[in-house]
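Heads up, the thing below is written out as structure tokens.
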Amino acid sequence: MEFKSQAESGLQLLERLVARPIIKDLTPLLPDELTSETIEIIGDASTGKTLFLTECIAKCIIPQNACGLDAGVVYIDLDGQFNITKLVKIIKRIIKNADDNLVKACLNKLTMINCYDSPTLYVTFQRLKLFLTEQSQVGLVILDSVSANYWQDSVSGGEKYMDTYVEKMISSLKICLEDFKVPIIFTRQSYFQSKQGDSLLDCVNRRILFKRLGFDFFATITRRNVNLCYKFNINELGISEFNLQV
Amino acid sequence: MIRLNVPLVPDKNVLNNLFEKNICTVNDFLQKKTSNLQSVCNLQCKEITKLKDTMTVKCSSPLINGYTLYLSKTLSTFIQTGILKLDNLLNGGLFVGNIYELCGPSACGKTQLCISILLNIIITTKKDIVYIDTRNKFSVKRIKQVLKNKNMTNSEINDILKKIHVYSVIDIHNLITCLHGLKEKLDPIIIIDSLPALYLSFIGFYKNDGLCYINHISSVLKYLCNKNATILVTNLAVKNCDFTNDFKPAIGKYWFHIPNTRLMITTIINQQQQMCINIPKSVYIPLDNKCILSINDYGVSSNL
């Protein structure tokens, strides 16, 4: 009989022993478990990307007895489009007659990071490693959006090829988070692609493509070359009625 | 780039050693293995790890708790533009911490709308307003005319004029310096008229220098918004070169993602003194609503 000895770092041991919330059934678009996956969201402006993320945050931070996931979220906001009052509105829609204490308990699980340039962003990724070690309830990391500082970076000697730029940024985030196995969701604008190919980037497990045609919104999920298209509505209360299109 | 310096690395000799090995920025330092840094710095493993941790905490963006953020945002609400139809269109007025873009062809009334909004805000709230003028077109005469028609006395007019801080900028570098200078202001209201005037000089060059500067400006604007600034930017609309003759904004795709709300202004044919406003982009307003305003001696108003 052979025994293999496996070495693991202290951090990995800690991660194995500490129970981190599992992100499952986040939205109808992502019904299964998302452990250590990377999800890319692509879309033009005003197609509901940030709103979709807000819905995801709401689902995560709401306690389990109110159909939430009771998980902490880290939201890295590079675009400045996130609106906290919108989030509170959505929480109040999901939990009928939520009182201030409940809203407070929910919002305490959200950590916002505003970042205005890429060098700081890369240091912030390292910071997340420290933060997630301390905070075991964090279950999801969101980056909105990768392309925010591209033009500054490309002129000052950074990566010029857009797809590679995205890959570099996401993989350095992944390296910092790999021991924690938390899923990463990031957005990018639809013009921000090197070529209009259908293939996913190497670092991405699933892609959701948002589109708007008149008053109808569509989301196409690509995973392992399988496409599913959903139609949804946006109204004052948020996103509603995901319908699978055949 | 965040350069390594003395408070970050406590010892000057260690710093020089690092520079010799071409480790000049915080990111360089953090990406090197601790074992390699040990020999370069002549420090123990424990000290390097500690150095790395303090550096990470000091040089990263602050982590903000969601609830703290919510409390800071609920206090401030919105500023009314004083133009009833526009306020209705905007669901109440200009939300604090948002960037609004006024986009329209030349001579459609962008500057007039800016001036009217500016005066209305000063009259109702007595707040100071920063007006960044990129074309040397700011007209005190027109303001005086509008105020006189509202039956204001000279001293009232003087008080209002004192509240307007006009910055004349001549190029994009000036604008960036000017915006950085506004970082210390408390809840500023900033009007930039107009952004393309500075950007258009970069069009046609091989490199994307212009976009780099626009990117920088957007970063500063986002920073200001986070500090509860309200920003109004005008953008020119130019005609498409194809057959459609549709208008499109002079600063294109990249900029489109920056403002929270874009107000598209069009002139109504045969009605020169009127403008039509609709919303092609917004985070919170239902899209494609419309309103019609008129321009007259009293500025821009809802009365047709």
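Taken in sequence, the protein lines are chains A and B.
Read in UniProt numbering, the first sequence has 13 at position 13, and its numbers run on one by one without any break.
Read in UniProt numbering, the second sequence has 90 at position 90, and its numbers run on one by one without any break.
Every residue, glycine too, gets a C-beta built ideally from N, C-alpha and C.
So, helix, strand or coil for B/H165, using DSSP? Within the second sequence, the letter at position 165 stands for residue 165 of chain B. Correct three-state label for B/H165: strand.
Compare the C-beta of A/Q12 against all C-beta atoms of chain B and say whether one is closer than 8 Å. Looking up residue 12 of chain A in the first sequence gives position 12. With 8 Å as the cut-off, A/Q12 does not count as an interface residue toward chain B.
What residue does the alpha helix (DSSP H) around A/P63 start on, and which one ends it? Residue mapping note: residue 63 of chain A aligns to position 63 of the first sequence, counting from 1. Run containing A/P63: none; DSSP gives neither H nor E here.
Against chain B: residues of the stretch 96 to 114 of chain A by CB proximity under 9 Å: V103, K104, A105, C106, L107, N108, K109, L110, T111, M112, I113 and N114
Less than 8 Å separating the beta-carbons of B/I176 and B/I132? In the second sequence, counting from the first residue as 1, residue 176 of chain B sits at position 176. In the second sequence, counting from the first residue as 1, residue 132 of chain B sits at position 132. No; because the gap between Cβ atoms is not below 8 Å, this pair is not in contact.
Bridge partners for B/K248 per DSSP, in chain order? Here residue 248 of chain B refers to the residue found at position 248 when the second sequence is read from its first residue. Paired residues: B/V238.
Taking B/Y70 as the reference, which of A/D70, A/I84, A/P63 and A/L69 has the closest Cα? For this step, residue 70 of chain B is matched to residue 70 along the second sequence. It is A/I84 whose Cα lies nearest to the Cα of B/Y70.
Host beta strand (DSSP E) of A/Y150 (start-end): Within the first sequence, numbered from 1, the residue matching residue 150 of chain A stands at position 150. It is not in any beta strand (DSSP E) - A/Y150 instead sits in the alpha helix (DSSP H) that spans Y150 to V155.
Same chain, Cβ closer than 8 Å to A/N225, five either side skipped, listed in chain order: Reading the first sequence from its first residue, position 225 is the one you call residue 225 of chain A. Excluding sequence neighbours, A/N225 sits near nothing in its chain.
Spatial neighbours of A/I142 within its chain, please: C-beta separation below 8 Å, excluding the five flanking residues on both sides. Within the first sequence, residue 142 of chain A is the residue found at index 142, counting from 1. Excluding residues within five positions, the ones whose Cβ falls inside 8 Å are L53, C56, I57, V73, V74, Y75, I76, I184, I185 and F186.
Pick out whichever of B/I251, B/I269 and B/I268 has its Cα sitting closest to the Cα of B/R262. For the purposes of this step, residue 262 of chain B is identified with residue 262 of the second sequence, where counting begins at 1. Comparing Cα positions, the closest option is B/I251.
Using a Cβ-Cβ cutoff of 8 Å, what residues of the stretch 204 to 217 of chain B are near chain A? List them in chain order. K207, N208, D209, L211, C212, I214, N215 and H216
Closest residue to B/K253 among B/C24, B/Q273, B/A237 and B/L94 (Cα-Cα distance): Indexing the second sequence from 1 puts residue 253 of chain B at position 253. B/K253 has its Cα closest to that of B/A237, out of B/C24, B/Q273, B/A237 and B/L94.
When the Cβ atoms of the stretch 98 to 108 of chain A are set against those of the stretch 34 to 51 of chain A, are three or more pairs found closer than 8 Å? no
What are the partner residues of A/Q245, as DSSP defines its beta bridges? On the first sequence, position 245 is the one that residue 245 of chain A refers to. A/C229.
By the 10 Å Cβ neighbour count, where 16 or more other Cβ atoms means buried, how is B/T230 classified, buried or exposed? Taking the second sequence and counting its residues from 1, the one referred to as residue 230 of chain B is at position 230. B/T230 is buried by the Cβ-count criterion.
In the DSSP assignment, the alpha helix (DSSP H) including A/E134 goes from what residue to what residue? The sequence position of residue 134 of chain A within the first sequence is 134, counting from 1. Its alpha helix (DSSP H) spans residues S118 to E134.
Assess contact between the stretch 205 to 215 of chain B and the stretch 82 to 97 of chain B, defined as three or more Cβ pairs (one per stretch) separated by less than 8 Å. Is contact present? no
Output, in chain order, the set of chain B residues within a Cβ distance shorter than 8 Å of A/F131. Indexing the first sequence from 1 puts residue 131 of chain A at position 131. Going along chain B in sequence order, the residues near A/F131 (Cβ under 8 Å) are L63.
Nearer than 7 Å: is that true of the beta carbon of B/V140 relative to any heavy atom of the ligand MG? Questions concerning the ligand MG fall outside what the structure shown contains, since it holds no ligand whatsoever.
Closer than 8 Å by beta-carbon distance: list the chain A residues that pair up with B/V57, in chain order. Counting from one through the second sequence, the residue named residue 57 of chain B turns up at place 57. Within 8 Å Cβ-Cβ: R127 and L130.
Please check if any C-beta of chain A sits within less than 8 Å of the C-beta of B/D53. Here the question's residue 53 of chain B lines up with position 53 in the second sequence. For B/D53, the answer is yes, since a Cβ of chain A falls inside 8 Å of its Cβ.
Tell me, please, whether the CB atom of A/V138 is closer than 8 Å to any CB atom in chain B? Taking the first sequence and counting its residues from 1, the one referred to as residue 138 of chain A is at position 138. No, its Cβ sits nowhere closer than 8 Å to a Cβ of chain B.
Among residues of its own chain, excluding the 5 on either side of B/A197, which ones have a beta-carbon nearer than 6 Å to its beta-carbon? As a working note, residue 197 of chain B is residue 197 in the second sequence. Cβ within range, chain order: T134 and R135.
Let me know the secondary structure DSSP gives A/F192 once reduced to three states. Along the first sequence, one-based indexing puts residue 192 of chain A at 192. In the structure shown, A/F192 sits in coil (DSSP, three-state: anything other than H, G, I, E or B).
Please confirm whether residue 330 of chain A has its beta-carbon closer than 8 Å to some beta-carbon of chain B. Because chain A in this structure spans residues 1 to 246, residue 330 of chain A falls outside the shown range and cannot be described.
Does any residue of chain B bring its CB to less than 8 Å from the CB of A/G158? As a position in the first sequence, residue 158 of chain A is number 158, starting the count at 1. No, because no Cβ of chain B sits closer than 8 Å to the Cβ of A/G158.
With a threshold of 8 Å between beta carbons, is A/K24 in contact with chain B? Start at 1 with the first residue of the first sequence, and residue 24 of chain A comes out as number 24. Chain B, which has no Cβ nearer than 8 Å to the Cβ of A/K24, makes this no.
Tell whether a beta-carbon distance below 8 Å holds between A/T124 and B/S60. Within the first sequence, the letter at position 124 stands for residue 124 of chain A. Within the second sequence, the letter at position 60 stands for residue 60 of chain B. The answer is yes: Cβ separation under 8 Å.
Count the C-beta pairs between the stretch 276 to 285 of chain B and the stretch 139 to 158 of chain B that are closer than 8 Å, then say yes if the count reaches three, no if not. no
Which residues does DSSP list as the beta-bridge partners of B/C291? Translated into positions along the second sequence, residue 291 of chain B becomes position 291. Answer is B/I277, bridged to B/C291.
Do we get a CB-CB distance below 8 Å when we pair B/N260 with the residues of chain A? Start at 1 with the first residue of the second sequence, and residue 260 of chain B comes out as number 260. So, interface residue.
Grab me the residues of B/F78's own chain with a C-beta within less than 7 Å of its C-beta, minus the 5 sequence neighbours each way, in chain order. The sequence position of residue 78 of chain B within the second sequence is 78, counting from 1. Excluding positions up to five away in sequence, the list reads G92, G93, L94, F95 and V96.
Residues of the stretch 206 to 238 of chain A with Cβ closer than 7 Å to any Cβ of chain B, in chain order: none
Can you tell me whether A/S240 is buried or exposed? The criterion is at least 16 other CB atoms within 10 Å of its CB, across all chains shown. Counting from 1 along the first sequence, the entry for residue 240 of chain A is found at position 240. Counting Cβ neighbours within 10 Å, A/S240 comes out exposed, since fewer than 16 surround it.
CB contact check: B/N36 to chain A, cutoff 8 Å: Taking the first residue of the second sequence as 1, we reach residue 36 of chain B at position 36. For B/N36, the answer is no, since every Cβ of chain A falls outside 8 Å of its Cβ.
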